[in-house]
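**Q** Chains as they are written, first to last, in my numbering: chain X, 1 to 1056; chain R, 1 to 122.
Using N, Cα and C, we set each Cβ at its ideal position, and we do this for glycine too.
Predicted, not measured: the structure shown is a model, and the values here were computed from it.
(1) Give me the subset of the stretch 1028-1046 of chain X whose CB atoms are less than 7 Å from a CB atom of chain R, sorted by chain position.
(2) Give me the chain R residues within the contact set of residue 173(X), using Cβ-Cβ distance strictly less than 9 Å, ordered along the chain.
(3) Is the beta carbon of residue 636(X) closer than 8 Å to that of residue 554(X)?
(4) Can you tell me which of the three DSSP states residue 349(X) falls into?
(5) Any idea what DSSP makes of residue 71(R), helix, strand or coil?
(6) How big is the Cα-Cα spacing for residue 692(X) and residue 640(X)?
(7) Would you call the CB atoms of residue 1021(X) and residue 289(X) closer than 8 Å?
(8) By how many angstroms is the C-alpha of residue 855(X) removed from the C-alpha of residue 726(X)?
(9) Taking only beta-carbon positions, decide if residue 252(X) is within less than 8 Å of chain R.
(10) Nearest CA to the CA of residue 178(X): which residue from 132(X), 18(X) and 43(X)?
(11) Is DSSP giving residue 290(X) helix, strand or coil here?
(12) Against chain X, does residue 106(R) count as a neighbour if the rule is that its beta carbon must be under 8 Å from one of theirs?
(13) Is there a Cβ of chain X sitting closer than 8 Å to that of residue 5(R), yes or no?
(14) Would you tell me roughly how many angstroms separate the C-alpha atoms of residue 699(X) and residue 532(X), rounded to the nearest one?
(15) Around the Cβ of residue 921(X), are there at least 16 other Cβ atoms within 10 angstroms (buried) or fewer (exposed)?
(16) From residue 522(X) to residue 563(X), what does the alpha carbon distance come to, in whole angstroms?
(17) Can you pull out the residues from the stretch 4-34 of chain X whose beta carbon lies closer than 8 Å to at least one beta carbon of chain R?
(18) Whole-angstrom Cβ separation of residue 931(X) and residue 940(X), contact assumed at under 8 Å?
(19) Can you give me the C-alpha to C-alpha distance between residue 648(X) and residue 94(R), rounded to a whole angstrom?
(20) CA-CA distance, residue 224(X) and residue 557(X)?
(21) Are the stretch 452-464 of chain X and the stretch 525-545 of chain X touching by the rule of at least three beta carbon pairs closer than 8 Å?
(22) Using 8 Å for Cβ pairs, my map puts residue 686(X) next to residue 650(X). What's the rounded Cβ distance?
(23) So does the stretch 308-322 of chain X actually touch the stretch 337-348 of chain X, counting three or more Cβ pairs closer than 8 Å?
(24) Would you kindly check if the distance between the Cβ of residue 495(X) and the Cβ of residue 437(X) is under 8 Å?
(25) In its own chain, which residues sit with a C-beta less than 8 Å from the C-beta of residue 454(X), not counting the 5 before and 5 after it?
(26) List the whole-angstrom C-beta distance separating residue 769(X) from residue 867(X), where the pair is believed to meet the contact cut-off of C-beta under 8 Å.
(27) Smallest Cα separation from residue 945(X): which of 923(X), 526(X) and 903(X)?
(28) With the cut-off set at 8 Å, would you say residue 378(X) and residue 484(X) are in Cβ contact?
(29) Can you give the beta carbon distance from residue 671(X) to residue 764(X), rounded, assuming they're within the 8 Å contact cut?
(30) Taking all protein chains shown into account, decide if residue 110(R) is buried (16 or more other Cβ within 10 angstroms of its Cβ) or exposed.
(31) Just to make sure I have the definition right: I need the residues of chain R whose C-beta is within less than 7 Å of the C-beta of residue 146(X). Which are they?
(32) Using a Cβ cut-off of 8 Å (strictly closer), state whether residue 211(X) contacts chain R.
(33) Please state if the CB of residue 49(X) and the CB of residue 93(X) are separated by a distance shorter than 8 Å.
(34) So is residue 132(X) in contact with chain R if we call contact Cβ pairs under 8 Å?
(35) Residue 231(X) by DSSP, collapsed to three states: which one?
(36) To the nearest angstrom, how far is the alpha carbon of residue 645(X) from that of residue 694(X)?
As structure tokens, this is what we get:
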């Protein structure tokens, strides 16, 4: 094995020889540089293998020159050191290729020298245990950085570099003063030695010394508020240089701080944690106001470093494992370097420069989204595992309150990173060539391996941390990943592959006995698979577009399969978050999906963090599984219940958090909306049933009796159902109308679950399945209409019954099923729900639900009346029926609805078993001859269907025989008397059809909730814009902050 | 305690230099003078380290006589001196680089006023 001292010696020697190689030629210098870096990487790899395999059981402790400290310098090289040295080597390797392609002839060789110096500085920071030596390596890295930045030709690079130097000088001064006094106090420079010799008494003198050390490190770590120059550097310097720093110096300094933290007495812990947390939340908050992405990345870096600084005292206290910080850092390195490299490929850095970025580059766009998902800490990327470990450690050891700011800061990361991606998704106003192209070796050398590395490392961690999981979802996810890679193949092949993969997975799940509707998991799995097959079948009708829709769809289904089968809170949450990002990306494929999908991910992110908070409380109380939630008691039970319920409600778009839903449903790709509305909106309901209602000693009826919160929940469900219906009436856009309707229908399910009786649950679950069928049918039919007519506005259509009879039948059946009138299954669902509400005595909610049902007619009717009846528009003369795959999918759904209508026992019997399993009591009696008996009444679906058909036929006949003769009239033959007529479409009788009702409902229709969220966003923005002015841009002010920091910390009496 | 020992004098001078240097960094708008301020801080710190390692009455840590080599207790601690030497070298490097920046910034903007270099902000 090679002695790790050579990690420092060889590149240092090579660095100063590089200019000599440069005399030979550019290629020679380049080769020497690359070989040196590869050598260092190889050394670290060999040691990682040795440490991991046990061939080298002990970390190396090297005494340079054979002397003991303080004369000799002590290097320490164990697994963590090896991993971060390797990371530094790899970043420098990719970074030097990247920078090499951008440097001009004048700087050849010299730039390489500085890159090697920075790398050596990082190695030293990571390995050395000598405090002064640590300072020397810090200066080596800093001088390399200052000089490398100065290669920038632009004024802003010089300006940033100079400011960075000024504050760096202040940092050096503070550090040197601290180190000198520490040596005086302890007589050693070896950190480990020193830690044992620190004065036991916390004197004012000691506190001051430690203060200088902390202040110096705070500047080097770029913590708030002394990170101004670092932000300017991100703003002004070449992004490739910043990428190099992220992988080397930034990690090195954190590593150094981790070593130094053993010197700080325990009285400093809270101060250090607070400093880290303030930096994490503050930087992420300020980043939301930043519209220059490079500077935003700087804020983000400060935030991520702050998080690790926050964790350091907790690691010392054994609250959080060291691996958590390691995972966060590895994640940050891979993602941030990648983002910076990509940023360097975009000329300019303004708001407009990023519109439509990397549209032409598959690798660039894919890598960009991978890096963004990784850096905000979504699974399966390594940062998620770091956060989860940190959070669960904190929760289990009484640091629970710190979780709140941590989650808020994480949500803020969602806000600005996905806000940035929204810009990338938008198209450019001018038809200029799309910005962003990657050169194969120079740019892709880092981007692609780092993106892959992030993914692979994350999946590896998944396997290690989440334990052996059921493999059904793994197959689907892998198939999805393959489809993303081969997305350039024809759509038909991709769609067929999706169907094939679903068939295989479905068969495996079926033979394993998992697809049974008599358990909650099985029921929702059945819904997932049904929805997926129907959506995939319709997907065959997709017009040839080359994107990763199909692959992402499979990944989404995989996450749902995993979710319905989850046992542990961790598995549930991982699946939940994968579901969130996969559906987010698919919504973004819609024509105007950028804004809608951003709103979707921010609200979903908030929902996710509420769930995470609840789960962490549960973990703090010792429960790590879904069934374990049942054993929670007391205050913990109430808090966990509250957090989980609110989280699920936000994701279900309940009233108050519904603002994301109409946009997400209507702007998502037309063929995907059925799945979004039919399946994904039910997943929070699964969560309510499986997680939230478990709480309370596993005894659901008892919970219902003790917690009036269920009534409150039912009110929220009722208001959602009622409110959405009301707003839905005024929609002119067919998809938006159905969107409001979908949200409202989920409200019915919430009410049913909240009733917490066997009958209520039967009603809710029956409605959930049924809603999947009819709303899927409606969205599919409308998708076909939109595909053929090219519009979603209803009054621009009309008379399509002649051209699209199949779609007409689908919509007709869909709305009859939805409205809950006999003879279709909607009636069964409503009947069960009303019975349950009566039984429970919640009459107010019953009235609300009934009223909502009646109002629903007003909008449902329009789907038929405006779209299919009346006269055909001239432009639609050549319209054809929806493509065959869509029609087939609709036929399947109609079949299922009919089956449920005639024979609801098909579903109700397994549901009864399910409910009996949960409540130890069933709700229904299945009488002979097919009659259903529940609560106060009974009915026979078959008889009812015959009765309705007979009545209908009689009435039609009567109308035909007795009614007046029909006469055809034109739609637009209206005579004007000197007026300028508005566009003819607005004269159409269906335009603003529901206007008369508006006056009646005016007070209810004021968009208060939307206004609330908008003003929240505006006010936050205003505050952020004021706060950001702290970074005045003046180097002198920045130095003053660093001095003030020392003074303020001193006045606060830190460490005493 | 009332007598002014050389060590106290050195310490006082060191602290004074550091404070004067920081005052220069914070008050002077001319970046050349700010660099001078930094140089003063640096010098003050070097004096501080040397003072902390000094031990009046003992010999310099140069073992050039058999007497000193035999009894390490007769010489002062060599470590701070080694540290000061290293710190001086680093300080020199940083100062030189700072001056190089000043030259290039002046060439670009024809001014040395620090507030003129604040285009990057917020």
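**A** So, from the data block:
(1) 1028, 1029, 1031, 1032, 1033, 1034, 1035, 1036, 1039, 1040 and 1043
(2) 18, 21, 22, 38, 41, 42, 44 and 45
(3) Not closer than 8 Å, so no.
(4) coil
(5) coil
(6) The alpha-carbon atoms of residue 692(X) and residue 640(X) are separated by roughly 8 Å.
(7) yes
(8) Distance from the CA atom of residue 726(X) to the CA atom of residue 855(X), rounded to whole angstroms, is 7 Å.
(9) no
(10) 132(X)
(11) coil
(12) By this cut-off, residue 106(R) is not an interface position.
(13) By the rule that beta-carbons nearer than 8 Å mark a contact, residue 5(R) does not touch chain X.
(14) Per-residue confidence for residue 699(X) stands at a pLDDT of 49, beneath the threshold of 50, marking its modelled position as unreliable; no derived number is given.
(15) Burial call: exposed.
(16) 11 Å
(17) Hits within the stretch: zero.
(18) About 4 Å separates the beta carbon of residue 931(X) from that of residue 940(X), a gap short enough to meet the 8 Å contact definition.
(19) 56 Å
(20) 42 Å
(21) no
(22) With 8 Å as the limit, residue 686(X) and residue 650(X) do not qualify as a contact, their Cβ atoms being about 15 Å apart.
(23) no
(24) no
(25) Answer for residue 454(X): 331, 334, 335, 338, 370, 371, 374, 381 and 382, listed in chain order.
(26) At roughly 26 Å, the Cβ-Cβ gap does not stay under 8 Å, so residue 769(X) and residue 867(X) are not in contact.
(27) 903(X)
(28) no
(29) In this structure residue 671(X) does not touch residue 764(X) by the C-beta definition: roughly 28 Å separates them, more than the 8 Å allowed.
(30) exposed
(31) 97
(32) So no, residue 211(X) is outside the interface.
(33) Contact check for residue 93(X) against residue 49(X) fails: the beta carbons are separated by 8 Å or more.
(34) Chain R, which has a Cβ nearer than 8 Å to the Cβ of residue 132(X), makes this yes.
(35) helix
(36) 12 Å
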